[in-house]
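Trainee: The structure is given below, and queries will be raised subsequently.
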Amino acid sequence: MSRTLQLDAGGRLRHFLTIEGLGRDWLERIMDTAESFESVAAQKVKKVPLLRGKTVVNLFFETSTRTRTTFELAAKRLSADVLNINVAVSATAKGESLLDTVRNLEAMGVDMFVVRHAESGAAHFIARHVAPHVSVVNAGDGRHAHPTQAMLDMFTIRRHKRDFSRLTVAIVGDILHSRVARSQIHALNTLGAREVRVVAPRTLLPVAVERLGVRVCHDLDAGLEDVDVVIMLRLQKERMQGALLPSEREFYRCFGLTAARLRQARPDCLVMHPGPINRGVEIASEVADGSRSVILEQVGHGIAIRMAVMALALGAVQG
Amino acid sequence: MSRTLQLDAGGRLRHFLTIEGLGRDWLERIMDTAESFESVAAQKVKKVPLLRGKTVVNLFFETSTRTRTTFELAAKRLSADVLNINVAVSATAKGESLLDTVRNLEAMGVDMFVVRHAESGAAHFIARHVAPHVSVVNAGDGRHAHPTQAMLDMFTIRRHKRDFSRLTVAIVGDILHSRVARSQIHALNTLGAREVRVVAPRTLLPVAVERLGVRVCHDLDAGLEDVDVVIMLRLQKERMQGALLPSEREFYRCFGLTAARLRQARPDCLVMHPGPINRGVEIASEVADGSRSVILEQVGHGIAIRMAVMALALGAVQG
Amino acid sequence: MSRTLQLDAGGRLRHFLTIEGLGRDWLERIMDTAESFESVAAQKVKKVPLLRGKTVVNLFFETSTRTRTTFELAAKRLSADVLNINVAVSATAKGESLLDTVRNLEAMGVDMFVVRHAESGAAHFIARHVAPHVSVVNAGDGRHAHPTQAMLDMFTIRRHKRDFSRLTVAIVGDILHSRVARSQIHALNTLGAREVRVVAPRTLLPVAVERLGVRVCHDLDAGLEDVDVVIMLRLQKERMQGALLPSEREFYRCFGLTAARLRQARPDCLVMHPGPINRGVEIASEVADGSRSVILEQVGHGIAIRMAVMALALGAVQG
Numbered sequence: 000m001s002r003t004l005q006l007d008a009g010g011r012l013r014h015f016l017t018i019e020g021l022g023r024d025w026l027e028r029i030m031d032t033a034e035s036f037e038s039v040a041a042q043k044v045k046k047v048p049l050l051r052g053k054t055v056v057n058l059f060f061e062t063s064t065r066t067r068t069t070f071e072l073a074a075k076r077l078s079a080d081v082l083n084i085n086v087a088v089s090a091t092a093k094g095e096s097l098l099d100t101v102r103n104l105e106a107m108g109v110d111m112f113v114v115r116h117a118e119s120g121a122a123h124f125i126a127r128h129v130a131p132h133v134s135v136v137n138a139g140d141g142r143h144a145h146p147t148q149a150m151l152d153m154f155t156i157r158r159h160k161r162d163f164s165r166l167t168v169a170i171v172g173d174i175l176h177s178r179v180a181r182s183q184i185h186a187l188n189t190l191g192a193r194e195v196r197v198v199a200p201r202t203l204l205p206v207a208v209e210r211l212g213v214r215v216c217h218d219l220d221a222g223l224e225d226v227d228v229v230i231m232l233r234l235q236k237e238r239m240q241g242a243l244l245p246s247e248r249e250f251y252r253c254f255g256l257t258a259a260r261l262r263q264a265r266p267d268c269l270v271m272h273p274g275p276i277n278r279g280v281e282i283a284s285e286v287a288d289g290s291r292s293v294i295l296e297q298v299g300h301g302i303a304i305r306m307a308v309m310a311l312a313l314g315a316v317q318g
Numbered sequence: 000m001s002r003t004l005q006l007d008a009g010g011r012l013r014h015f016l017t018i019e020g021l022g023r024d025w026l027e028r029i030m031d032t033a034e035s036f037e038s039v040a041a042q043k044v045k046k047v048p049l050l051r052g053k054t055v056v057n058l059f060f061e062t063s064t065r066t067r068t069t070f071e072l073a074a075k076r077l078s079a080d081v082l083n084i085n086v087a088v089s090a091t092a093k094g095e096s097l098l099d100t101v102r103n104l105e106a107m108g109v110d111m112f113v114v115r116h117a118e119s120g121a122a123h124f125i126a127r128h129v130a131p132h133v134s135v136v137n138a139g140d141g142r143h144a145h146p147t148q149a150m151l152d153m154f155t156i157r158r159h160k161r162d163f164s165r166l167t168v169a170i171v172g173d174i175l176h177s178r179v180a181r182s183q184i185h186a187l188n189t190l191g192a193r194e195v196r197v198v199a200p201r202t203l204l205p206v207a208v209e210r211l212g213v214r215v216c217h218d219l220d221a222g223l224e225d226v227d228v229v230i231m232l233r234l235q236k237e238r239m240q241g242a243l244l245p246s247e248r249e250f251y252r253c254f255g256l257t258a259a260r261l262r263q264a265r266p267d268c269l270v271m272h273p274g275p276i277n278r279g280v281e282i283a284s285e286v287a288d289g290s291r292s293v294i295l296e297q298v299g300h301g302i303a304i305r306m307a308v309m310a311l312a313l314g315a316v317q318g
Numbered sequence: 000m001s002r003t004l005q006l007d008a009g010g011r012l013r014h015f016l017t018i019e020g021l022g023r024d025w026l027e028r029i030m031d032t033a034e035s036f037e038s039v040a041a042q043k044v045k046k047v048p049l050l051r052g053k054t055v056v057n058l059f060f061e062t063s064t065r066t067r068t069t070f071e072l073a074a075k076r077l078s079a080d081v082l083n084i085n086v087a088v089s090a091t092a093k094g095e096s097l098l099d100t101v102r103n104l105e106a107m108g109v110d111m112f113v114v115r116h117a118e119s120g121a122a123h124f125i126a127r128h129v130a131p132h133v134s135v136v137n138a139g140d141g142r143h144a145h146p147t148q149a150m151l152d153m154f155t156i157r158r159h160k161r162d163f164s165r166l167t168v169a170i171v172g173d174i175l176h177s178r179v180a181r182s183q184i185h186a187l188n189t190l191g192a193r194e195v196r197v198v199a200p201r202t203l204l205p206v207a208v209e210r211l212g213v214r215v216c217h218d219l220d221a222g223l224e225d226v227d228v229v230i231m232l233r234l235q236k237e238r239m240q241g242a243l244l245p246s247e248r249e250f251y252r253c254f255g256l257t258a259a260r261l262r263q264a265r266p267d268c269l270v271m272h273p274g275p276i277n278r279g280v281e282i283a284s285e286v287a288d289g290s291r292s293v294i295l296e297q298v299g300h301g302i303a304i305r306m307a308v309m310a311l312a313l314g315a316v317q318g
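Residue numbers (numbering that gives the first Met the number 0), protein chains in the order written: chain U, 0 to 318; chain G, 0 to 318; chain P, 0 to 318.
Encoded structure:
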């Protein structure tokens with residue numbers, strides 16, 4: 000279903016909502032396109048005219064300056080006009096329904112919605128209802144998916160490791176609440192990673208997580224053994240107030256990535272994190288800033304990936 | 000007075016503050032100009048360079064993401080630079096007077112203020128005090144006027160009905176608090192509509208509303224009889240808390256537009272609404288989304304009308 | 000130290016953080032460059048392509064719509080892309096450190112940070128840690144400095160008076176809390192002003208203010224005697240609630256600039272104020288709006304000065 004929603008009748012990418020159902024060909028096509036945009040950031044004039052005269056709306060029902068900024072920058076580097084709409088303070092306060100908001104913006108002739116929403120499925124819902132010429136990109140929906148984040152992670156891994164079939168990747172931390180983890184697991188499996196491990200206490204794992212195609216570990220040392228890539232997840236501080244976790248200190252002691260812990264991994268292991276990092280909560284500063292960390296590199300690739308997704312979905316480049 | 004304030008010595012449009020005093024020639028000129036911009040939205044590159052290097056300031060003393068968005072889009076399609084200033088959170092909090100705020104922005108070399116203010120007359124006040132090279136557009140002031148909204152409504156009607164002299168138009172709902180209704184009444188009478196009716200309970204009508212040149216109805220069925228166009232107004236939910244109205248349900252029963260009610264109107268009657276709509280309060284979903292509804296079309300024409308007003312006021316096109 | 004931080008190995012301006020240590024040559028170079036940008040505001044198309052494809056981030060840890068607007072306008076007139084980030088509502092709320100925020104934006108390929116922060120030294124701190132290709136401009140840090148404001152003041156004085164060595168300048172008001180005053184004193188002394196006076200009650204003067212190279216007056220009439228320029232400072236209303244000052248009325252009686260008071264100054268004395276002004280608190284309306292006032296002229300020059308600083312720091316013009 001997601002494939003048919005995301006691709007049009009001619010097999011072109013129209014929406015980018017989730018990794019599921021896209022297939023390895025599309026993930027590679029997105030990464031190849033991003034590769035061609037990497038050089039734009041190095042140019043003196045960091046702009047290409049591919050989306051000139053197009054209007055991209057950042058439709059954020061949940062505040063995320065960081066994610067909004069990456070999409071805004073990506074759109075501007077493609078020469079699009081960008082409208083930032085924070086719906087929490089906007090029309091919904093006046094009782095306008097989600098679809099009425101979308102249809103109104105659509106009627107103004109916008110070309111793309113970048114949607115962030117606290118509820119899973121919001122971007123899909125919008126995608127199912129927009130006019131044929133409008134594209135939707137999911138910038139994070141509830142616990143469900145954050146596909147551009149997963150793609151920039153894959154892109155970063157590919158740049159360093161090339162062949163996914165040889166890789167063991169550990170994803171560590173709050174898997175339960177993480178839309179990023181879900182998207183990463185789908186992407187790694189689609190790209191043929193040898194093994195995907197999730198490392199977390201039982202309270203922070205979804206029910207039947209094994210069905211996603213992962214090996215489960217409850218011990219960090221075992222989970223890191225011989226991995227090629229470790230992806231640390233951000234621990235949402237608000238989880239601490241609930242009964243799921245004893246304390247930050249306790250979490251760090253058991254699941255925090257320190258230099259000592261990292262010795263379990265392969266010597267050339269990449270350390271990744273979607274950011275923003277909590278130093279001393281899920282990761283030690285010496286690791287976050289250390290030689291194996293590619294955390295800031297991920298951020299940079301995030302612009303290229305978002306440019307790629309936008310340009311492909313609006314038909315400005317051939318996938 | 001409004002005419003002399005809105006037109007310069009050479010008879011060109013300088014400010015756009017109210018429909019009153021502009022005359023039929025100007026309303027038609029604005030619509031003709033908008034007609035030429037309708038095609039821009041259909042182009043691959045939805046931009047014309049008419050206002051390149053001009054700076055438009057959205058000076059909003061009252062939050063309205065929706066209205067701000069339409070002006071921002073219109074300005075960007077004309078290639079202007081746009082500054083969004085929400086004055087509630089800005090200098091006035093530091094005790095700076097309205098005029099000092101305006102004069103400061105003026106000194107920075109801006110070209111146009113799009114003003115939204117909760118008090119009637121705010122845009123006129125600013126227009127009387129700006130430097131000769133600066134234009135002011137009223138984006139809604141108190142209960143007084145919302146002239147670009149009225150013009151996009153006229154434009155929508157003209158596209159469907161052509162000749163105003165044959166039309167009976169009903170405006171239904173909270174006339175008392177509506178700046179939109181006031182501007183629509185002036186525009187319809189200026190354009191020579193055969194009859195303008197207002198349909199509302201006595202508590203939601205201004206004193207002596209007949210003097211504006213309308214027929215008053217307190218019954219929706221009678222009010223809709225043989226009309227060519229029905230314009231539903233948004234019912235501000237906050238009115239409900241006062242003594243003016245019994246309840247939403249009661250209002251809907253008496254003044255809500257349903258498919259059954261609409262049968263009183265002519266078979267080709269247009270259904271209009273300035274948005275955002277309250278489904279089940281002033282209008283039934285089946286009517287809002289039905290075949291006679293041009294509500295979303297209005298939104299699209301709003302961009303063209305705002306482009307026209309901006310381009311005319313800044314002398315980028317000949318009126 | 001500030002010189003070495005602000006200039007690169009080749010002696011070019013890289014950051015603009017403070018007037019201290021820059022030297023007369025650089026202050027004059029900035030003013031000369033601003034002179035060349037003054038004409039841009041008068042052009043039909045108020046844009047030059049000097050920073051096309053560059054990304055300027057307004058990184059504001061303290062809200063200041065006014066200052067943010069001037070930098071945004073200046074950047075847009077140079078054709079840069081602008082990102083506005085209000086950090087109070089952004090990632091720091093999620094516990095991300097200042098440097099992580101900066102490094103993330105840096106990784107996205109931005110070229111310049113315009114930094115506003117309530118703590119003295121914040122812009123220096125960021126400048127010491129950014130990547131080699133990134134520039135930092137201080138848009139006000141705590142009580143420390145506001146160098147672009149001081150430069151636009153110097154530029155305004157130079158346009159009217161030409162030769163600083165003949166000038167006596169009085170700075171009047173809350174010197175203690177003013178970052179503007181500190182930067183002005185440094186700039187005036189660097190440019191060789193004959194005499195810089197500070198005029199304030201003892202409670203609003205920093206300890207040992209004489210060491211900055213100023214003459215201290217506690218009496219306004221004496222302080223204004225034969226001055227060529229008087230710069231009034233804004234009285235922060237929140238100071239009134241403390242023990243530093245008896246009342247607004249009392250302050251105005253002793254230190255408010257009225258037409259009568261101004262007679263102590265030279266007949267061609269300029270009246271300046273960084274804005275926003277408090278009418279009837281530190282300055283009478285008749286003086287603020289009078290013939291000697293250049294307050295609004297300062298605002299206009301502020302755009303040219305900020306364009307100059309941005310273009311110099313990013314190497315788009317030769318200093």
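Each residue gets a CB set at the ideal place from its N, CA and C atoms; glycine is no exception.
Can you pull the chain P neighbours of Leu151/U, defined as C-beta to C-beta under 7 Å?
Mentor: Along the first sequence, one-based indexing puts residue 151/U at 152. Correct list: empty, because the minimum Cβ distance to chain P is about 11 Å.
Trainee: In terms of DSSP beta bridges, what is Phe112/G paired with?
Mentor: Within the second sequence, residue 112/G is the residue found at index 113, counting from 1. Note: Phe112/G sits in a beta bridge opposite Val56/G and Val135/G.
Trainee: When the Cα atoms are used, what is the spatial distance from Arg196/U to Val168/U?
Mentor: Position 197 of the first sequence, counted from the start, is the residue given in the question as residue 196/U. Position 169 of the first sequence, counted from the start, is the residue given in the question as residue 168/U. So the alpha carbons of these two residues sit roughly 6 Å apart.
Trainee: Taking a contact to mean a Cβ-Cβ separation below 7 Å, would you say Ser182/G touches Ala149/G in this structure?
Mentor: Reading the second sequence from its first residue, position 183 is the one you call residue 182/G. Reading the second sequence from its first residue, position 150 is the one you call residue 149/G. Yes, the Cβ-Cβ distance between Ser182/G and Ala149/G is below 7 Å.
Trainee: Confirm, please, whether the CB-CB distance from Glu247/P to Val280/P is below 7 Å.
Mentor: By 1-based counting over the third sequence, the position of residue 280/P is 281. By 1-based counting over the third sequence, the position of residue 247/P is 248. Result yes, Cβ atoms of Val280/P and Glu247/P sit closer than 7 Å.
Trainee: Pairing CB atoms from the segment 221 to 230 of chain U with CB atoms from the segment 261 to 268 of chain U, are three or more of them under 8 Å?
Mentor: Contact between the segment 221 to 230 of chain U and the segment 261 to 268 of chain U is present, because at least three Cβ pairs lie under 8 Å.
Trainee: When you compare only the Cα positions, how much space is there between Leu72/U and Ala221/P?
Mentor: Working through the first sequence from its first residue, we reach residue 72/U at position 73. Working through the third sequence from its first residue, we reach residue 221/P at position 222. Looking at the two C-alpha atoms, the distance is approximately 55 Å.
Trainee: Would you kindly report the start and end of the unbroken beta strand (DSSP E) that includes Arg214/G?
Mentor: Indexing the second sequence from 1 puts residue 214/G at position 215. Arg214 to Cys216 is the span of the beta strand (DSSP E), which, as asked, contains Arg214/G.
Trainee: Which same chain residues, not among the five before or five after Leu190/U, have their C-beta less than 7 Å away from its C-beta?
Mentor: Locating residue 190/U in the first sequence gives position 191, counting from the first residue. Arg23, Leu26, Met153 and Phe163, listed in sequence order.
Trainee: So is Arg106/U in contact with chain G if we call contact Cβ pairs under 7 Å?
Mentor: For this step, residue 106/U is matched to residue 107 along the first sequence. Reading off the sequence shown, one finds Ala at residue 106/U, where the question assumed Arg. Closer than 7 Å to some Cβ of chain G, the Cβ of Ala106/U qualifies, so yes.
Trainee: When the cut-off is 7 Å and only beta carbons count, does Gly52/P lie next to chain U?
Mentor: As a first step, residue 52/P is located in the third sequence; it is residue number 53 there, counting from the start. So, interface residue.
Trainee: Reducing DSSP to helix, strand and coil, say where Ile18/P ends up.
Mentor: Locating residue 18/P in the third sequence gives position 19, where the first residue counts as 1. Here Ile18/P sits in coil by DSSP.
Trainee: Just to confirm the assignment, what range does the beta strand (DSSP E) spanning Glu194/U have?
Mentor: Indexing the first sequence from 1 puts residue 194/U at position 195. Per DSSP, Glu194/U belongs to the beta strand (DSSP E) from Glu194 to Val198.
Trainee: So, helix, strand or coil for Ser96/U, using DSSP?
Mentor: Sequence index remark: in the first sequence, residue 96/U carries index 97 (1-based). Coil.
Trainee: Under the rule that 16 or more other beta-carbon atoms within 10 Å means buried, what is Ala130/P, buried or exposed?
Mentor: As a working note, residue 130/P is residue 131 in the third sequence. Burial call: exposed.
Trainee: Is the separation between the beta-carbon of Val308/P and that of Phe15/P shorter than 7 Å?
Mentor: As a position in the third sequence, residue 308/P is number 309, starting the count at 1. As a position in the third sequence, residue 15/P is number 16, starting the count at 1. Cβ atoms of Val308/P and Phe15/P: closer than 7 Å.
Trainee: Run the CB neighbour count on Pro48/U, radius 10 Å, all protein chains shown included, and call it buried at 16 or more, exposed below.
Mentor: In the first sequence, counting from the first residue as 1, residue 48/U sits at position 49. Classification for Pro48/U: exposed.
Trainee: Threshold first: 3 residues or longer. Then list the beta strand (DSSP E) segments lying entirely within the segment 265 to 301 of chain U, N to C.
Mentor: Counting only runs of 3 or more, we get 269 to 271.
Trainee: Short check: CB of Gly330/G to CB of Ala79/U, under 7 Å?
Mentor: Chain G is shown from 0 up to 318; residue 330/G falls before or after that span and cannot be answered.
Trainee: Could you check the C-alpha separation between Ala207/P and Ile125/P for me, to the nearest Å?
Mentor: Within the third sequence, the letter at position 208 stands for residue 207/P. Within the third sequence, the letter at position 126 stands for residue 125/P. About 29 Å.
Trainee: Should Asp31/G go down as buried or exposed, given a rule of 16 or more other Cβ atoms within 10 Å for buried?
Mentor: Here residue 31/G refers to the residue found at position 32 when the second sequence is read from its first residue. Asp31/G should be labelled exposed.
Trainee: So what does DSSP say about Val168/P, is it helix, strand or coil?
Mentor: Within the third sequence, residue 168/P is the residue found at index 169, counting from 1. If DSSP states are grouped into helix, strand and coil, Val168/P belongs with the strands.
Trainee: Could you check whether the Cβ of Val298/P sits closer than 7 Å to any Cβ belonging to chain U?
Mentor: Residue numbering aside, residue 298/P sits at position 299 when the third sequence is read from its first letter. For Val298/P, the answer is no, since every Cβ of chain U falls outside 7 Å of its Cβ.
Trainee: Out of Pro273/P, Ala74/P and Phe254/P, point me to the one whose CA is closest to Gln297/P's CA.
Mentor: Position 298 of the third sequence, counted from the first residue, corresponds to residue 297/P. Residue Pro273/P is the option with its Cα nearest to Gln297/P.
Trainee: Where does Ile174/U fall in DSSP's three states?
Mentor: Taking the first sequence and counting its residues from 1, one reaches residue 174/U at position 175. Looking at Ile174/U - three-state DSSP - the assignment turns out to be coil, as it is neither helix nor strand.
Trainee: Along the segment 73 to 85 of chain U, what residues have a CB closer than 7 Å to any CB found in chain G?
Mentor: Listed by position, the residues of the segment 73 to 85 of chain U near chain G (Cβ gap below 7 Å) are Asp80, Leu82 and Ile84.
Trainee: So if I threshold CB-CB distances at 9 Å, which residues from the segment 32 to 59 of chain U count as touching chain P?
Mentor: So the close ones are Val39, Ala40, Ala41, Gln42, Lys43, Val44, Lys45 and Lys46.
Trainee: Under 6 Å from any heavy atom of the ligand NAD, does the C-beta of Val113/G make it?
Mentor: No copy of the ligand NAD occurs in the structure displayed, which carries no ligand at all.
Trainee: What did DSSP end up calling Val229/U once you bin it into helix, strand or coil?
Mentor: For the purposes of this step, residue 229/U is taken as the residue at position 230 of the first sequence. Val229/U falls in the strand class under three-state DSSP.
Trainee: Name the chain P residues whose beta carbon is nearer than 9 Å to that of Leu295/U?
Mentor: As a position in the first sequence, residue 295/U is number 296, starting the count at 1. Within 9 Å Cβ-Cβ: Arg102, Asn103, Glu105 and Ala106.
Trainee: If the cut is a Cβ gap below 7 Å, which residues of chain U does Glu194/G touch?
Mentor: Residue numbering aside, residue 194/G sits at position 195 when the second sequence is read from its first letter. Near Glu194/G there are no residues of chain U at all, since even the closest Cβ is about 29 Å away, more than 7 Å.
Trainee: Start and end of the beta strand (DSSP E) containing Leu82/P?
Mentor: Position 83 of the third sequence, counting from 1, holds the residue named residue 82/P. Here the beta strand (DSSP E) through Leu82/P covers Asp80 to Asn85.
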